[in-house]
Amino acid sequence: MTLVQMQPYSMSATPVHRTAADAMDTGGPQVCDDMTVEVALSVMASARTGHLIVCDNDGLCTGLLTQAQLTAARDSSAYTDRIQLRDILGDRGPFPPPLTTLAEAEHAMRYSRLNALPVVDEHGSTLGVLALAR
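FYI, the numbering for the sequence shown is 447 to 580, going by the numbering used here.
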(Lines of atoms letter the chains of each structure in order from A and count residues from 1; the text may use other names and numbers.)
(Lines give C-alpha, C1' and ligand atoms only; values in the text may rest on other atoms or scores of the structure.)
Protein backbone atom coordinates (compact mmCIF):
# COMPACT_ATOMS: atom_id res chain seq x y z
CA MET A 1 0.00 0.00 0.00
CA THR A 2 1.08 3.53 -0.73
CA LEU A 3 -0.41 6.87 0.14
CA VAL A 4 -2.90 8.28 -2.33
CA GLN A 5 -1.45 11.17 -4.32
CA MET A 6 -4.18 13.81 -4.40
CA GLN A 7 -2.08 16.32 -6.32
CA PRO A 8 0.06 15.84 -9.43
CA TYR A 9 3.66 15.02 -8.62
CA SER A 10 6.50 15.69 -11.02
CA MET A 11 9.41 13.26 -10.98
CA SER A 12 11.71 16.07 -12.10
CA ALA A 13 10.75 18.31 -9.20
CA THR A 14 13.18 18.86 -6.37
CA PRO A 15 12.31 16.37 -3.61
CA VAL A 16 10.72 18.01 -0.60
CA HIS A 17 9.20 16.61 2.55
CA ARG A 18 5.51 16.44 1.69
CA THR A 19 3.07 16.79 4.54
CA ALA A 20 -0.28 15.23 5.40
CA ALA A 21 -1.97 18.46 4.30
CA ASP A 22 -0.40 18.07 0.83
CA ALA A 23 -1.90 14.61 0.28
CA MET A 24 -5.20 14.68 2.13
CA ASP A 25 -8.62 14.63 0.53
CA THR A 26 -10.65 17.56 1.82
CA GLY A 27 -14.01 16.10 0.81
CA GLY A 28 -16.30 13.73 2.63
CA PRO A 29 -19.21 13.96 5.01
CA GLN A 30 -18.81 14.92 8.65
CA VAL A 31 -21.43 13.66 11.08
CA CYS A 32 -22.15 14.17 14.76
CA ASP A 33 -21.21 11.40 17.20
CA ASP A 34 -24.79 11.18 18.51
CA MET A 35 -25.99 9.84 15.14
CA THR A 36 -27.24 6.25 15.11
CA VAL A 37 -25.53 3.50 13.12
CA GLU A 38 -28.47 3.06 10.73
CA VAL A 39 -28.61 6.78 9.91
CA ALA A 40 -24.83 6.86 9.46
CA LEU A 41 -24.99 3.93 7.02
CA SER A 42 -27.69 5.78 5.10
CA VAL A 43 -25.62 8.98 4.96
CA MET A 44 -22.61 6.97 3.80
CA ALA A 45 -24.63 5.30 1.04
CA SER A 46 -26.10 8.64 -0.10
CA ALA A 47 -22.66 10.25 -0.20
CA ARG A 48 -21.17 7.21 -1.95
CA THR A 49 -18.18 7.16 0.35
CA GLY A 50 -16.42 4.47 2.35
CA HIS A 51 -15.94 6.50 5.52
CA LEU A 52 -17.47 9.19 7.71
CA ILE A 53 -15.64 11.75 9.81
CA VAL A 54 -17.22 11.80 13.25
CA CYS A 55 -17.29 15.04 15.28
CA ASP A 56 -18.57 15.94 18.74
CA ASN A 57 -21.15 18.63 19.50
CA ASP A 58 -18.42 21.28 19.39
CA GLY A 59 -17.39 20.26 15.85
CA LEU A 60 -14.13 18.68 16.97
CA CYS A 61 -13.02 15.47 15.28
CA THR A 62 -13.47 12.38 17.45
CA GLY A 63 -12.72 9.75 14.82
CA LEU A 64 -13.37 8.18 11.48
CA LEU A 65 -15.64 5.20 10.84
CA THR A 66 -15.66 2.97 7.78
CA GLN A 67 -18.58 1.16 6.21
CA ALA A 68 -17.07 -2.14 7.39
CA GLN A 69 -16.96 -0.91 11.00
CA LEU A 70 -20.56 0.33 10.89
CA THR A 71 -21.79 -2.88 9.27
CA ALA A 72 -19.96 -4.99 11.85
CA ALA A 73 -21.54 -2.95 14.67
CA ARG A 74 -25.00 -3.31 13.13
CA ASP A 75 -24.57 -7.06 12.62
CA SER A 76 -23.26 -7.74 16.16
CA SER A 77 -25.42 -9.50 18.72
CA ALA A 78 -25.16 -6.45 21.04
CA TYR A 79 -26.68 -4.09 18.45
CA THR A 80 -29.79 -2.04 19.20
CA ASP A 81 -31.23 0.84 17.22
CA ARG A 82 -30.14 3.22 20.01
CA ILE A 83 -26.40 2.67 19.56
CA GLN A 84 -24.71 5.92 18.59
CA LEU A 85 -21.46 6.44 16.73
CA ARG A 86 -19.70 7.56 19.90
CA ASP A 87 -20.49 4.12 21.35
CA ILE A 88 -18.47 2.31 18.69
CA LEU A 89 -15.63 4.77 18.03
CA GLY A 90 -13.25 3.57 20.72
CA ASP A 91 -9.89 5.24 21.22
CA ARG A 92 -8.86 6.71 17.85
CA GLY A 93 -6.72 9.77 18.55
CA PRO A 94 -4.43 11.51 18.43
CA PHE A 95 -4.79 12.46 14.78
CA PRO A 96 -1.96 13.82 12.68
CA PRO A 97 -1.66 17.59 12.35
CA PRO A 98 -1.36 18.96 8.79
CA LEU A 99 2.41 19.43 8.99
CA THR A 100 3.08 15.76 9.78
CA THR A 101 5.27 14.29 7.05
CA LEU A 102 3.74 11.68 4.78
CA ALA A 103 6.26 9.11 5.97
CA GLU A 104 5.25 9.69 9.60
CA ALA A 105 1.53 9.56 8.77
CA GLU A 106 1.92 6.40 6.69
CA HIS A 107 3.90 4.73 9.49
CA ALA A 108 1.22 5.65 12.06
CA MET A 109 -1.53 4.32 9.80
CA ARG A 110 0.25 1.03 9.15
CA TYR A 111 1.06 0.62 12.86
CA SER A 112 -2.59 1.20 13.78
CA ARG A 113 -3.82 -0.85 10.78
CA LEU A 114 -5.93 2.03 9.45
CA ASN A 115 -6.68 2.70 5.79
CA ALA A 116 -7.82 6.28 6.43
CA LEU A 117 -7.12 8.86 9.10
CA PRO A 118 -8.52 12.36 9.69
CA VAL A 119 -6.07 15.27 9.59
CA VAL A 120 -6.88 17.93 12.19
CA ASP A 121 -5.74 21.47 12.95
CA GLU A 122 -4.33 22.63 16.28
CA HIS A 123 -7.87 23.05 17.65
CA GLY A 124 -9.06 19.56 16.70
CA SER A 125 -11.19 20.61 13.71
CA THR A 126 -11.06 18.27 10.73
CA LEU A 127 -9.16 19.53 7.69
CA GLY A 128 -9.44 16.39 5.57
CA VAL A 129 -8.73 12.68 5.33
CA LEU A 130 -5.49 10.92 4.51
CA ALA A 131 -6.03 7.52 2.86
CA LEU A 132 -3.80 4.64 1.86
CA ALA A 133 -4.10 3.39 -1.70
CA ARG A 134 -4.49 -0.33 -2.28
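Ideal placement from N, C-alpha and C gives every residue a C-beta, glycine not left out.
Could you tell me which residues DSSP puts in a beta bridge with residue i?
i           : result
residue 497 : 512
residue 489 : Looking at the DSSP assignment, residue 489 forms no beta bridge with any residue, so it has no partner.
residue 531 : According to DSSP, which records beta bridges pairwise, residue 531 is partnered with nothing at all.
Would you mind working out which of the options sits nearest residue i, comparing C-alpha positions?
i           : options               : result
residue 570 : 534, 541, 561 and 563 : 541
residue 499 : 491, 511, 578 and 492 : 511
residue 533 : 486, 475 and 474      : 486
residue 484 : 535, 552, 568 and 527 : 527
residue 509 : 556, 557 and 478      : 478
residue 504 : 480, 551, 552 and 562 : 480
residue 501 : 559, 521 and 475      : 475
residue 560 : 495, 514, 568 and 521 : 514
Can you tell me where the alpha helix (DSSP H) holding residue i begins and where it ends?
i           : result
residue 554 : 548-558
residue 506 : Note, residue 506: premise wrong, no alpha helix (DSSP H); not H, not E.
residue 567 : No alpha helix (DSSP H) holds residue 567; DSSP gives it neither H nor E.
Locate the beta strand (DSSP E) running through residue i, then write down its first and last residues.
i           : result
residue 476 : 476-478
residue 524 : First-last for residue 524: undefined, no H or E at that position.
Suppose contacts are defined by Cβ-Cβ distances below 9 Å. Is residue i in contact with residue j by that definition?
i           : j           : result
residue 576 : residue 556 : no
residue 566 : residue 516 : no
residue 497 : residue 554 : no
residue 482 : residue 535 : no
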